[in-house]
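Have a look at the structure below, then the notes.
Number of protein chains: 2
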Amino acid sequence: MKQNELFIINKIRHKASQSVDKPELGALRRAWRLRLGIGDDAAALASLDPRQELLITTDLLVEGAHFHRRRHPARALGHKVLARGLSDIAAMGGAPLYALLSLCLPGWTGEKWLKQFLAGLFRLARQHGIALIGGDLSAGNRFVADIIVLGSAPRGRILERGRAKVGQILYVSGRLGGSALGLKRLLAGRFQPTDRAVRRHLYPTPRLALGRFLLEKLHAAAGMDLSDGLSIDLYRLTRESGVGADLLATAIPVFPSATLNQALHGGEDYELLFTLDPRRKPPAHFEGIPLTPIGTITAGRRLVLVGPDGRRKPLPIRGFQHKV
Amino acid sequence: MKQNELFIINKIRHKASQSVDKPELGALRRAWRLRLGIGDDAAALASLDPRQELLITTDLLVEGAHFHRRRHPARALGHKVLARGLSDIAAMGGAPLYALLSLCLPGWTGEKWLKQFLAGLFRLARQHGIALIGGDLSAGNRFVADIIVLGSAPRGRILERGRAKVGQILYVSGRLGGSALGLKRLLAGRFQPTDRAVRRHLYPTPRLALGRFLLEKLHAAAGMDLSDGLSIDLYRLTRESGVGADLLATAIPVFPSATLNQALHGGEDYELLFTLDPRRKPPAHFEGIPLTPIGTITAGRRLVLVGPDGRRKPLPIRGFQHKV
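So the protein sequences, as listed, match chains L and H.
For what it's worth, numbering that gives the first Met the number 0 labels the leading residue of the first sequence as 0, then goes sequentially.
For what it's worth, numbering that gives the first Met the number 0 labels the leading residue of the second sequence as 0, then goes sequentially.
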């Protein structure tokens, strides 16, 4: 393993050195300069702009729990590993800057598979100007990838989960349930190469520009990304804020051909859930992504699903069972 | 899984909130203030002292590769997960401040096991005043823990691997091979509860105070921690620096009852390997830990093992095969 490990690290390092910069991010990008990247015991960042704060997130992707190696292409997994981390930074309204990657590689991941995996990951990294600055590598029986993403945001003004307040309007971006539908079709093995739900599942788009728009232009109060499903993620947001919510079933934007159930409990849509003061009116779309009001923040801690007939019932909290 | 996951996260969060501060670290600790910890999409740090830089490291611990669940106690694994990350920060001469933990939990990790695991981890965290500020949790077939440690160090003065220069003296802390010997005894199942080699393997001590001493008082040039074994780690250090080394077999401090082979190629000792300008004379011990000169940095890129009879032969680079 050890010699092979050095070979793999060198390959990753070579790819990492090709990352490009994204000058348009301005102050957010300039706030943290990389002093030392891959190849040492730790990476080192220097703070150059004290008005920014550093965001750190970690996300696991586990074989058997989050994907099936016979169904999920290596390139899509590379994309998704990084997209999950970037989505967390988007959910704070920040700009992602650097990533570290810990990989546990079982025997079935050959050179070709790994090449495709890294191609998917580095393609997305280049799109957003992310530099890979460190990581760890191990052999093991199951594939596991842990991505760590560091980002920058204006100090004290990030989109926290705990800032939802009674009377605010709850919004969601995009349409929900597409990833759950895509996973179902992928596992059944019956779909067209251009199937939009399958693409949504395999190549989710982190809503980075939207996150910054929510923070800087809409002054959104609370926000998070939908990784496990609307019902459980809304539960998390309201719990952190000490509030409840009324969710309007008819208002929830459902992905074409998906069910309301998939929209409520399906995971991995990576859309943003956020709250706005009722006086603030967001545009109907941001860069083509619909922004839809789906409910209100209420006193107490109950989550209520309001049906088409106005009937109120407790929102079932199921969350996406990642198991595939 | 999901409801159970929320339960586990709440337990971890409760423990994390009990972490204590270590005021004696002064400027290093004050450099990065935690703005937002566990419970959001990302953690947030604010930079308060622009003379410091931020260190980030990630370390995987994988069932079957790094440990065997029937041999390694849960408490020792919790300790070791964090110790591995802290050792990387020690190897840079920095002070660890914050940690994030990604866990993949298989069915066999029950509540009691997890409690012991977290007890081992948080005990070490409290010793060093580390706050756990985030993480991720997944189900899966094998136990995997990825620890991310953030630390602080004086800007531009960290112990990098790439700074070894021809003519410098190579040093190592402590005695080597103890962890490899301890692992052998542990797997054989024949050892006393007080066995020092087994303790060394199960509860390694990150050399944090030594790392800062090397940086601040000895002005060490290059440094790294010995996680995979002296031979492969020396190879990494010299490769990063573009140099070679002569290693004196008789000078290598061998752990009591361990073999020279275990000292050369055994992993997980977590001692520090460093280089000093020949004019600098370190003390023979630092806080009871021997500091031993074991060779010199040479031109060219060859690693040579000099035998007791003065015979020179290429240093075999094997590294510790983590497989247990």
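For each residue, glycine too, the CB sits at the ideal point set by N, CA and C.
Remember, predicted model here, so these are calculated numbers, not experimental data.
Item to complete: Compare the C-beta of Ile157 of chain H against all C-beta atoms of chain L and say whether one is closer than 8 Å.
Response: Looking up residue 157 of chain H in the second sequence gives position 158. Chain L contact via Cβ: present.
Discussion item. Which residue wins for smallest C-alpha separation from Leu35 of chain H, given the options H:Thr274, H:Leu131 and H:Met91?
Written reply: Start at 1 with the first residue of the second sequence, and residue 35 of chain H comes out as number 36. Looking from the CA of Leu35 of chain H, the closest CA among H:Thr274, H:Leu131 and H:Met91 belongs to H:Leu131.
Worksheet entry | Opening and closing residue of the beta strand (DSSP E) in which Tyr97 of chain H lies | Sequence index remark: in the second sequence, residue 97 of chain H carries index 98 (1-based). Tyr97 of chain H -> beta strand (DSSP E) spans Ala94 to Leu104.
Worksheet entry | Cβ-Cβ distance between Leu54 of chain H and Gly150 of chain H below 8 Å | For the purposes of this step, residue 54 of chain H is identified with residue 55 of the second sequence, where counting begins at 1. For the purposes of this step, residue 150 of chain H is identified with residue 151 of the second sequence, where counting begins at 1. Between Leu54 of chain H and Gly150 of chain H, the gap from beta carbon to beta carbon is short of 8 Å.
Worksheet item: From Ala298 of chain H to Gly166 of chain H, what distance separates their C-alpha atoms?
Response: As a working mapping, residue 298 of chain H is identified with position 299 in the second sequence. As a working mapping, residue 166 of chain H is identified with position 167 in the second sequence. Cα to Cα, the separation comes out at about 8 Å.
Practice prompt. Reducing DSSP to helix, strand and coil, say where Val143 of chain L ends up.
Written response: On the first sequence, position 144 is the one that residue 143 of chain L refers to. DSSP places Val143 of chain L in strand when its eight states are reduced to three.
Worksheet item: Candidates L:Leu214, L:Ala152 and L:Pro313: which alpha carbon is nearest Ile231 of chain L's?
Response: Within the first sequence, residue 231 of chain L is the residue found at index 232, counting from 1. Checking every option, the nearest Cα to that of Ile231 of chain L belongs to L:Pro313.
Fill in: Rounded C-alpha distance that separates Asp39 of chain L from Arg160 of chain H
Along the first sequence, read from residue 1 onward, the residue named residue 39 of chain L stands at position 40. Along the second sequence, read from residue 1 onward, the residue named residue 160 of chain H stands at position 161. Each residue's Cα considered, the two are about 6 Å apart.
Worksheet item: According to DSSP, is Ile316 of chain L helix, strand or coil?
Response: Counting from 1 along the first sequence, the entry for residue 316 of chain L is found at position 317. Ile316 of chain L: coil per DSSP, three-state reduction.
Discussion item. I need the straight-line Cα distance from Leu247 of chain L to Phe66 of chain H, nearest angstrom please.
Written reply: For the purposes of this step, residue 247 of chain L is identified with residue 248 of the first sequence, where counting begins at 1. For the purposes of this step, residue 66 of chain H is identified with residue 67 of the second sequence, where counting begins at 1. C-alpha separation (whole angstroms): 50 Å.
Discussion item. Which residues does DSSP list as the beta-bridge partners of Asp245 of chain L?
Written reply: In the first sequence, residue 245 of chain L corresponds to position 246, counting from 1. Answer is L:Thr295 and L:Val303, bridged to Asp245 of chain L.
Worksheet item: How close, in whole Å, do the beta carbons of Arg195 of chain H and Ser178 of chain H come, if the pair is a contact with beta carbons under 8 Å?
Response: Here residue 195 of chain H corresponds to residue number 196 of the second sequence, with the count starting at 1. Here residue 178 of chain H corresponds to residue number 179 of the second sequence, with the count starting at 1. Their Cβ separation, rounded to whole angstroms, is 11 Å, which puts Arg195 of chain H and Ser178 of chain H out of contact at 8 Å.
Worksheet item: From Leu169 of chain L to Met223 of chain L, what distance separates their C-alpha atoms?
Response: For this step, residue 169 of chain L is matched to residue 170 along the first sequence. For this step, residue 223 of chain L is matched to residue 224 along the first sequence. Computed Cα separation, rounded: 11 Å.
Discussion item. My output table needs one value for His67 of chain H: the three-state DSSP class, helix, strand or coil.
Written reply: In the second sequence, counting from the first residue as 1, residue 67 of chain H sits at position 68. Looking at His67 of chain H - three-state DSSP - the assignment turns out to be coil, as it is neither helix nor strand.
Worksheet item: Who are the near neighbours of Arg162 of chain L in its chain, counting only those whose CB is closer than 8 Å to its CB and skipping five residues on each side?
Response: Here residue 162 of chain L is taken as the residue at index 163 of the first sequence, counted from 1. Around Arg162 of chain L, the same chain offers Ala220, Ala221, Ser240 and Thr274 as residues with beta carbons nearer than 8 Å, after the five sequence neighbours per side are excluded.
Worksheet entry | Close beta carbons around Asn140 of chain L, own chain, < 8 Å, minus the five adjacent residues each side | For the purposes of this step, residue 140 of chain L is identified with residue 141 of the first sequence, where counting begins at 1. If we look at Asn140 of chain L and ignore the five residues flanking it on each side, its Cβ neighbours are Pro105.
Fill in: Nearest candidate by alpha-carbon position, reference Asp135 of chain L, set L:Ile129, L:Gly109 and L:Leu99
Stepping through the first sequence from its first residue, residue 135 of chain L is reached at position 136. When only C-alpha atoms are compared, the closest one is L:Leu99.
Item to complete: Taking C-beta pairs closer than 7 Å, name the residues in chain L that Pro49 of chain H reaches, listed in chain order.
Response: Against the second sequence, residue 49 of chain H aligns to sequence position 50. Within 7 Å Cβ-Cβ: Ser46 and Pro49.
Item to complete: Give the single residue among L:Glu215, L:Thr56, L:Ala89 and L:Ala30 whose Cα lies nearest to the Cα of Leu271 of chain L.
Response: For the purposes of this step, residue 271 of chain L is taken as residue 272 along the first sequence, with counting starting at 1. The option with the nearest alpha carbon to Leu271 of chain L is L:Ala89.
Worksheet item: What is the residue span of the beta strand (DSSP E) that Ile55 of chain L lies within?
Response: Locating residue 55 of chain L in the first sequence gives position 56, where the first residue counts as 1. Counting along the chain, the beta strand (DSSP E) containing Ile55 of chain L begins and ends at Gln51 to Val61.
Discussion item. Quick check: the Cα distance between Pro153 of chain H and Phe142 of chain L, rounded to an integer number of angstroms?
Written reply: The residue you call residue 153 of chain H lines up with position 154 of the second sequence. The residue you call residue 142 of chain L lines up with position 143 of the first sequence. Straight-line Cα distance between these residues: approximately 37 Å.
Discussion item. Please list, in chain order, the chain L residues whose beta carbon lies closer than 9 Å to that of Ile147 of chain H.
Written reply: Sequence index remark: in the second sequence, residue 147 of chain H carries index 148 (1-based). Within chain L, the residues near Ile147 of chain H are Ile55, Thr57, Leu99, Ser101, Asp145 and Ile147.
Worksheet item: What does Leu35 of chain L reach in chain H if we use C-beta pairs closer than 8 Å?
Response: Taking the first sequence and counting its residues from 1, the one referred to as residue 35 of chain L is at position 36. In chain order: Ile157 and Glu159.
Worksheet item: Which residues of chain L have a Cβ atom closer than 7 Å to the Cβ of Arg141 of chain H, listed in chain order?
Response: Counting from one through the second sequence, the residue named residue 141 of chain H turns up at place 142. Here the neighbours are Gly139, Asn140 and Arg141.
Discussion item. Can you tell me which residues form a DSSP beta bridge with Leu214 of chain H?
Written reply: Reading the second sequence from its first residue, position 215 is the one you call residue 214 of chain H. According to DSSP, which records beta bridges pairwise, Leu214 of chain H is partnered with nothing at all.
Discussion item. Cutting at 8 Å between CB atoms, please list the residues of its own chain near Leu302 of chain H, excluding the five before and the five after it.
Written reply: By one-based count along the second sequence, residue 302 of chain H stands at place 303. Non-local beta-carbon contacts of Leu302 of chain H in its own chain, meaning distances under 8 Å to residues more than five positions away in sequence, involve Ser230, Leu233, Tyr234, Thr237, Gly243, Ala244, Leu246, Pro313, Leu314 and Ile316 in chain order.
Discussion item. For Arg189 of chain H, which residues in the same chain have their Cβ closer than 6 Å to its Cβ, ignoring the five residues on either side in sequence?
Written reply: Taking the first residue of the second sequence as 1, we reach residue 189 of chain H at position 190. Answer for Arg189 of chain H: no residue qualifies.
Worksheet item: Which of the three DSSP states, helix, strand or coil, is assigned to Lys322 of chain H?
Response: Residue mapping note: residue 322 of chain H aligns to position 323 of the second sequence, counting from 1. Low local confidence applies: a pLDDT of 42 at Lys322 of chain H is under 50, so the model's placement there is unreliable, and no value is given.
Worksheet item: Can you tell which of L:Leu180, L:Leu201, L:Phe121 and L:Leu175 has its C-alpha closest to the C-alpha of Leu289 of chain L?
Response: The residue labelled residue 289 of chain L in the question sits at position 290 within the first sequence. In the sequence as displayed, the identity of residue 289 of chain L is Pro instead of Leu. Comparing Cα positions, the closest option is L:Leu175.
Fill in: Contacts of Asp224 of chain L in chain H (Cβ-Cβ under 9 Å)
Along the first sequence, one-based indexing puts residue 224 of chain L at 225. By Cβ distance, chain H contributes Asp40.
Discussion item. In whole angstroms, give me the CA-to-CA distance for Leu120 of chain L and Ala75 of chain L.
Written reply: Residue mapping note: residue 120 of chain L aligns to position 121 of the first sequence, counting from 1. Residue mapping note: residue 75 of chain L aligns to position 76 of the first sequence, counting from 1. Those two C-alpha atoms are separated by around 8 Å.
Practice prompt. Look at the alpha carbon of His71 of chain H and the alpha carbon of Lys10 of chain H, and state the distance between them as a whole number of angstroms.
Written response: As a working mapping, residue 71 of chain H is identified with position 72 in the second sequence. As a working mapping, residue 10 of chain H is identified with position 11 in the second sequence. Going from the Cα of His71 of chain H to the Cα of Lys10 of chain H covers about 23 Å.
Worksheet item: How about Gly84 of chain H and Val148 of chain H: do their beta carbons lie closer than 8 Å?
Response: If you number the second sequence from 1, residue 84 of chain H lands on position 85. If you number the second sequence from 1, residue 148 of chain H lands on position 149. Yes, the pair counts as a contact, with Cβ atoms nearer than the cut-off.
Worksheet item: Just how far apart, CA to CA, sit Leu81 of chain H and Ile146 of chain H?
Response: For the purposes of this step, residue 81 of chain H is identified with residue 82 of the second sequence, where counting begins at 1. For the purposes of this step, residue 146 of chain H is identified with residue 147 of the second sequence, where counting begins at 1. Roughly 6 Å between the two C-alpha positions.
Worksheet item: Any idea if Gly339 of chain L is buried or exposed, counting beta-carbon neighbours within 10 angstroms, 16 or more meaning buried?
Response: Coverage of chain L is limited to positions 0 through 323, which leaves residue 339 of chain L absent and any answer about it impossible.
Worksheet entry | Cα-Cα separation between Val253 of chain L and Pro307 of chain L, rounded to whole angstroms | Within the first sequence, the letter at position 254 stands for residue 253 of chain L. Within the first sequence, the letter at position 308 stands for residue 307 of chain L. If you take the alpha carbons of Val253 of chain L and Pro307 of chain L, they lie about 15 Å apart.
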